[in-house]
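Colleague: First the structure, which I've put down as structure tokens, then a few questions once you've had a look.
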Amino acid sequence: MDSIGHRMLCVAAVACLIRATGALTAVYLPTSCGADISVTSSVQLESGTGLTYTNNMDCNITFTVASPYLVLASIERFELEPQRSGTCIDYVNLHDGADVSSSTLNTDVMCGSSLTNTSYITTGQQMTLHFVTDSSAVYLGFNIIFTVASLSPCAGGQYTCNNTYCTPSSVTCDSYDQCGDNSDEDNCTSIASSSSTNWTPLIVGLTLGLLVCLLVAAFAVYRRHRLKRYKKFQHEHIDREDIPDPDPSYPVTHKYFRGIRGQHPDISSYRATEDSKEKQLQGNDEKTAET
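Structure representation (structure tokens):
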């Protein structure tokens, strides 16, 4: 695995840990199309798992709360393909019930990036989102928060929003707009936020993520060091005179003769060299005898 692969693994590990310890559960399209999501406090819906949503979708997803509560939808981000000739190409409708046959909560089909309203509440315990896309361009999509809610007066354990909606007190000051007017995030001091939020899971998750990154980095450094040593060993120059010649009286075979770095040399060239040396010695002996 190369260094890029190690970095991607590290980032993925940290991202998974952060997502697992996050405060607000996330649901993703298109994997959750056709699902009925039971909401106990608050959940967020993402239009896709990547940077953009996908083409050719015709997706329904229903959010259900316990009676006598209602479903409150707060649109955090919304960017779909804009209209063509006054007609929405990619669009969203919010239905006041268990399926798309229920009446729509939004007066106009929602598309593009400019919305006249960013919060909707049901008259009953279910809201169905209908998301349709064509085969052309895709955009960043949407993020919508669905929260258990009711109308004022609010009961114990509920927060009174400025728009008269009531939401769970447990989700105030969590950096998400559950009210639809962001009033549940008003007057949130750092002290209040830290006291109302348990940071232990996040700290543990980040610590484990950092440990995974360190282990991956250490393994990558170790492998790179071993590879460099091996390559240096393979290509290191050894002079021919540094290699002792075998005793000519001992028969040298191709099977047992080992050359540089354990590779079999060309035995024929070795024998030719030895024959040349022997002839040279014989010539020297003959010259000595003549003199």
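Letter by letter, the sequence shown follows residues -23 to -1, 1 to 268 in mature numbering (1 follows the signal peptide of the UniProt record, and there is no 0).
Cβ atoms here follow ideal geometry from the backbone N, Cα and C, with glycine treated the same way.
Can you tell me the Cα-Cα spacing of residue 159 and residue 95, whole angstroms?
Modeller: Position 182 of the sequence shown, counting from 1, holds the residue named residue 159. Position 118 of the sequence shown, counting from 1, holds the residue named residue 95. If you take the alpha carbons of residue 159 and residue 95, they lie about 11 Å apart.
Colleague: Helix, strand or coil, according to DSSP, for residue 22 in the structure here?
Modeller: Taking the first residue of the sequence shown as 1, we reach residue 22 at position 45. Here residue 22 sits in strand by DSSP.
Colleague: Check whether the Cβ atoms of residue 37 and residue 86 sit closer than 8 Å, and answer yes or no.
Modeller: Here residue 37 corresponds to residue number 60 of the sequence shown, with the count starting at 1. Here residue 86 corresponds to residue number 109 of the sequence shown, with the count starting at 1. No, they are not a contact pair.
Colleague: Beta carbon of residue 105, beta carbon of residue 79: below 8 Å?
Modeller: What you label residue 105 is simply residue 128 of the sequence shown in a count that begins at 1. What you label residue 79 is simply residue 102 of the sequence shown in a count that begins at 1. By the CB criterion at 8 Å, residue 105 and residue 79 fall inside the cutoff.
Colleague: Looking at the strands, I want to know which residues DSSP matches up with residue 69.
Modeller: Within the sequence shown, numbered from 1, the residue matching residue 69 stands at position 92. For residue 69, which the question treats as bridged, DSSP gives the partners 87, 108.
Colleague: For residue 113, which of 209, 58, 5, 151 has the nearest alpha-carbon?
Modeller: Locating residue 113 in the sequence shown gives position 136, where the first residue counts as 1. The shortest C-alpha separation from residue 113 is found at 58.
Colleague: Who are the near neighbours of residue 7 in its chain, counting only those whose CB is closer than 7 Å to its CB and skipping five residues on each side?
Modeller: On the sequence shown, position 30 is the one that residue 7 refers to. Cβ within range, chain order: 31, 34, 36.
Colleague: Can you find the residues in the same chain that come closer than 6 Å, C-beta to C-beta, to residue 5, ignoring five residues on each side of it along the sequence?
Modeller: Locating residue 5 in the sequence shown gives position 28, counting from the first residue. Result list for residue 5: 23, 26, in chain order.
Colleague: Can you tell me whether residue 147 is helix, strand or coil according to DSSP?
Modeller: As a position in the sequence shown, residue 147 is number 170, starting the count at 1. Reduced to three states, the DSSP call for residue 147 is helix.
Colleague: By the 10 Å Cβ neighbour count, where 16 or more other Cβ atoms means buried, how is residue 198 classified, buried or exposed?
Modeller: Within the sequence shown, residue 198 is the residue found at index 221, counting from 1. It counts as exposed.
Colleague: Check each candidate in 115, 131, 52 and name the one with the smallest Cα separation from residue 92.
Modeller: Counted from its first residue, the sequence shown places residue 92 at position 115. The candidate whose alpha carbon is nearest that of residue 92 is 52.
Colleague: If we count the other Cβ atoms within 10 Å of its Cβ and call it buried at 16 or more, is residue 202 buried or exposed?
Modeller: By one-based count along the sequence shown, residue 202 stands at place 225. By the neighbour-count rule (16 or more Cβ atoms within 10 Å), residue 202 is not buried but exposed.
Colleague: For my contact list, residue 142 and residue 128 are in at a C-beta cut-off of 8 Å; report their separation, rounded to the angstrom.
Modeller: Position 165 of the sequence shown, counting from 1, holds the residue named residue 142. Position 151 of the sequence shown, counting from 1, holds the residue named residue 128. About 7 Å separates the two Cβ atoms, so the contact holds.
Colleague: Counting C-beta neighbours from all protein chains within 10 Å, is the total for residue 155 16 or more, i.e. buried, or is it exposed?
Modeller: Stepping through the sequence shown from its first residue, residue 155 is reached at position 178. Per the 10 Å Cβ criterion, buried.
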